[in-house]
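Asker:
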Amino acid sequence: MNKLFRSTFVLFVVFVLAFPFSACSQKPSAQPTDQLEGTITISGAFALYPMMQRWAEEFQKNNPNVEFDISAGGAGKGMADAIAGAVDIGMVSRDVSAEEEAQGAYWVAVTKDAVFPTVNAQNPVLQELLAGGVKKDVFIGIYITGEITTWGQVVGKPEITDEIHVYTRSDSCGAADVWAKYLGNKKQENLLGIGVSGDPGLLDAVVKDPLGIGYNNLNYAFDTTTGKAVAGTAVIPLDKNENGQADPDEVIDSKAVAVEAVANGIYPSPPARLLNLVTKGKPSGLTQAFIQWILTDGQQYCTEAGYVALTQEQQEASLQKIR
Amino acid sequence: MQVRRPATALGIRRRKDSAARSFFYFLAALPPILATAMLLALLYRSWPILESKPLWKLLADKIWLPNQGEFGFYPFIAGTLWVTVVAMILAVPPCLLTAIYLVEYASSRLRAFMKPLLDLLAAIPSVVYGVWGMLTIVPMVQAIGPKMGKLLGFIPLFSSKNPTGFSILAGSIVLAVMVAPFIIAVSYEVLHTVPSGYREASLAVGATKWQTVKYAVLPKTMTGIVAGVVLGASRALGETMAVLMVVGNVPKVPASIFDPAYPLPALIANNYGEMLSIPLYDAALMSAALILLVIVLVFNILSTLMLRRIARRAKE
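Residue numbers (my numbering), protein chains in the order written: chain A, 2 to 324; chain B, 1251 to 1566.
1) Taking K322(A) as the reference, give the member of F223(A), V279(A), P272(A), N121(A) with the closest Cα.
2) Does the segment 85-104 of chain A come into contact with the segment 1259-1278 of chain B, if we say contact requires no fewer than three beta-carbon pairs (one atom in each stretch) closer than 8 Å?
3) Might you give, ordered along the chain, the residues of its own chain that have their beta carbon closer than 8 Å to the beta carbon of F1432(B), omitting 5 neighbours on each side?
4) Pull out every residue of the segment 72-85 of chain A whose Cβ sits closer than 9 Å to any Cβ of chain C, in chain order.
5) Closer than 8 Å by C-beta to M1364(B): which residues in its own chain qualify, once you throw out the five before and the five after it? Chain order, please.
6) Using a Cβ-Cβ cut-off of 8 Å (strictly less than) and excluding sequence neighbours within five positions of M80(A), which residues of its own chain qualify?
7) Count Cβ pairs between the segment 173-187 of chain A and the segment 1498-1509 of chain B that sit closer than 8 Å; are there 3 or more?
8) Taking the alpha-carbon of N63(A) as reference, which of Y216(A), E38(A), V120(A), Y168(A) has the nearest alpha-carbon?
9) Determine contact between the segment 1454-1464 of chain B and the segment 1269-1280 of chain B, defined as no fewer than three beta-carbon pairs at a distance below 8 Å.
10) Where does I71(A) sit, in a helix, a strand or coil, going by DSSP?
11) Measure the C-alpha to C-alpha separation of T234(A) and I141(A) and round it to an integer number of angstroms.
12) To which residues of the same chain is T150(A) closer than 7 Å at the C-beta, ignoring the five residues directly before and after it?
13) Output the residue ranges of the beta strand (DSSP E) runs that lie fully inside the segment 262-296 of chain A and measure 3 residues or longer, sorted by chain position.
14) Residues of chain B with CB closer than 8 Å to the CB of L212(A), please, in chain order.
15) Please compile the residues from chain A whose C-beta is within a distance smaller than 7 Å of the C-beta of P1500(B).
16) Run through the DSSP bridge pairs and tell me what D114(A) is partnered with.
17) R95(A) and D178(A): beta carbons closer than 9 Å?
18) Using beta carbons (cut-off 9 Å, strictly below), is D298(A) in contact with chain B?
19) Excluding sequence positions up to five away, which residues of its chain have a Cβ less than 6 Å from the Cβ of A73(A)?
20) Ordered along the chain, which non-local residues of its own chain (more than five positions away) have a Cβ less than 8 Å from that of F1549(B)?
21) Please list, in chain order, the chain B residues whose beta carbon lies closer than 8 Å to that of G202(A).
22) Just reading off the beta strand (DSSP E) that T234(A) is part of, what are its end residues?
23) Strictly by DSSP, which residues pair up with N218(A)?
24) If I'm right that F223(A) touches A259(A) with Cβ under 8 Å, what's the distance once you round it to whole angstroms?
25) Which runs of the alpha helix (DSSP H) spanning at least 4 residues fall entirely within the segment 92-175 of chain A, listed in chain order?
26) Residues in the same chain with beta-carbon distance under 6 Å from P271(A), minus the five sequence neighbours each way, listed in chain order, please.
27) Keeping to the same chain, check which residues put their C-beta closer than 7 Å to that of A257(A); ignore five residues upstream and five downstream.
28) Helix, strand or coil, according to DSSP, for E1320(B) in the structure here?
29) Mark A230(A) as exposed unless 16 or more other C-beta atoms lie within 10 angstroms of its C-beta, in which case mark it buried.
30) Assign R1559(B) to buried or exposed, taking buried as 16 or more other Cβ atoms, counted over all protein chains shown, within 10 Å of its Cβ.
31) Using beta carbons (cut-off 9 Å, strictly below), is F1408(B) in contact with chain A?
32) So for F223(A), helix, strand or coil by DSSP?
33) At a CB-CB cut-off below 9 Å, which residues of chain A make contact with F1416(B)?
34) Would the segment 195-209 of chain A and the segment 169-178 of chain A be scored as touching if the rule is three or more Cβ pairs under 8 Å?
35) If the cut-off is 8 Å on Cβ atoms, which residues from the segment 1309-1326 of chain B count as contacting chain A, listed in chain order?
36) Nearest by alpha-carbon distance to K113(A): which of L296(A), L276(A), I295(A), E317(A) is it?
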């Protein structure tokens, strides 16, 4: 037991000592030469995480002396970390509120993606869901009012009494925020369901539960290698025109189709939305150079990585903010 | 000169001793100072909400909708207590029996093998326990939930309305496994302190091994074992990540072990990113931390008082 206490104590001391260093190890000096150097720390939205990794990788090819430290933990964490100065850049997959701006949050939109409703591939009414799509009111019944409780009700077959197992995100995040916004301008706190932490966690819960329903960011709903919905799940079409049928342009059966639908605005917004980077105050030095690169050269990697590049207009607006 | 030298050496030694003494005093004073500072800081940060709403309303309200200015902490307090109590019920008996086995029955070879293993269990990061809980415990609870509900559903405690495995039971099982090494380790050390004379005396009058444990060893060590349980429970009260991942995080007052719950640490961890976007949210999360701290404090004070009583009775 003494040993246990001692090792715990030593660990504690190490952490206490290491913390201030890790928090301010960065501070890149603006090099007179155009060779950039330093470490950029980034945390936040799961939605942006894969994209950010790709960007960091590409950026490093030209700037081998720049190190990246990227972690995912939900938009809320990104926002809190950025404002607290714990990271250089926070990834925030929702709108930035006026209160947060007042605290020094400075944001630029860098790319676009969307949130998709997902169900288990063994769902008892899967065929009906895929063929008919699901109306917004039905989602509201499932996620907001709780009036719709069986899969039979969803597809209009009251004889099917399988219960809907509703899952939602427990960590404060952009995906839940934008999904709630789609369901009648609500907030994450209004969403019903069992709270699971993290985008992969939510997906995993749906994969494990034949009667489950969840929602995921584009790059978690679709498998990176196959381009299809992640094994064990299906993405249900949103019946946008409410005709009770999944029309060809409403069916989202692969990542490429999803990206296309978000890009040309066929997929509604919300749940499509701009993804933001947040810094504490206007960025400078290395951080600024990196964000500027994302907005220019970095945009070409969006489609490949499963995101939608900014339109000319949005790109201009963002660049204006950063310069 | 020669006479004085030892005196100076002694002076230096005395000074060294007193320097060490004040340094140690400072170190010993740190924990209470830190705890008080934390309490005050939390009180200060949560003041805006404590000022705008009566305390009993905050503690007793069941609705949590920060965007609409509703901050009811009751579901979170209830969630914390439910998860901890169920975890302790699951953990204490097997832990105690394990410790008894290791000390009284096991061979020294087995003991030498088991002790480091238990210490290792204590060192596993909580997120690993969380992942394990999600992968194995949650599906298991999902499978047994409806069956238990059918069998024992007439008892509200066991009725199962939550069709998923994310529940108090899942959180408590994960917690029970997490606190087990602590409870076992403390009980083990405590049982070890009992002089072998006690056992020999008991065995000499013809008692069986179990009778020896029951009547000679355990009464002697009750205080220490309770202290181990308290240590485990304190840890369980504050455990965040592993519980958060399996407990369901629904801000409703639970009524059954199969219901989802939302303990206070999970509330803080899940939402601290939002705290700047909504008025009073910041203060609300800080008061959640304050409430948690007070719960742990009260629990520890109560158990200390209880320990004293037990100790006094043991002496009589």
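Built from N, CA and C at the ideal position, the CB exists for glycine as well.
Answerer: Looking at the atomic coordinates:
1) Relative to the Cα of K322(A), the nearest Cα in the group F223(A), V279(A), P272(A), N121(A) belongs to V279(A).
2) No, the segment 85-104 of chain A does not touch the segment 1259-1278 of chain B.
3) Excluding sequence positions up to five before and after F1432(B), its CB lies within less than 8 Å of the CB of A1372, G1478, L1481, G1482, R1485, all in the same chain and listed in chain order.
4) No chain C is present in this structure, whose protein chains are A and B.
5) Exclusion of the five residues before and after M1364(B) leaves L1352, A1356 as the residues of its chain whose Cβ lies within less than 8 Å of its Cβ.
6) Result list for M80(A): G45, G91, V93, V97, E101, A106, V279, in chain order.
7) Short answer: they don't touch.
8) Comparing alpha-carbon positions, the option among Y216(A), E38(A), V120(A), Y168(A) lying closest to N63(A) turns out to be E38(A).
9) Between the segment 1454-1464 of chain B and the segment 1269-1280 of chain B there are fewer than three inter-stretch CB-CB distances shorter than 8 Å, so the stretches are not counted as touching.
10) If DSSP states are grouped into helix, strand and coil, I71(A) belongs with the strands.
11) Approximately 21 Å, taken between the alpha carbons.
12) So the list reads E164, I165, once near-sequence residues are dropped.
13) Here the runs fully enclosed are 273-281.
14) Residues of chain B passing the Cβ test: P1413.
15) The amino acid at residue 1500(B) is misidentified as Pro; the sequence shows Val. Going along chain A in sequence order, the residues near V1500(B) (Cβ under 7 Å) are I195, G196.
16) For D114(A), which the question treats as bridged, DSSP gives the partners R274(A).
17) Taking 9 Å as the cut-off, the Cβ atoms of R95(A) and D178(A) count as close.
18) No - not a single Cβ of chain B is within 9 Å of the one on D298(A).
19) Cβ contact annotation for A73(A) (same chain, cutoff 6 Å, sequence separation greater than five): F47, Y50, in chain order.
20) Cβ-Cβ distances below 8 Å link F1549(B) to V1480, A1483, S1484, L1487 in the same chain, with the five nearest sequence neighbours on each side left out; the list follows chain order.
21) Ordered by position in chain B, the residues that pass the 8 Å Cβ test against G202(A) are M1384, M1495.
22) T234(A) -> beta strand (DSSP E) spans 234-236.
23) Bridge partners of N218(A): V116(A).
24) Rounded, the Cβ-Cβ distance is 6 Å, consistent with contact.
25) Along the segment 92-175 of chain A, the alpha helix (DSSP H) occurs as fully enclosed runs of 4 or more residues at 99-103, 127-133, 137-141, 152-156, listed in sequence order.
26) V179, K182, Y183.
27) The residues are G228.
28) Correct three-state label for E1320(B): strand.
29) Flag for A230(A) reads buried.
30) Exposed, by the Cβ-count rule.
31) Closer than 9 Å: no.
32) The answer is strand: DSSP assigns F223(A) an E or B state.
33) What F1416(B) touches in chain A: Y168, I195, G196, V197, A206.
34) Using a Cβ-Cβ distance cut-off of 8 Å, the segment 195-209 of chain A and the segment 169-178 of chain A are in contact, since at least three pairs of beta carbons, one from each stretch, lie closer than that value.
35) Answer in chain order: W1314, L1315, P1316, N1317.
36) For K113(A), the nearest C-alpha among the options comes from L276(A).
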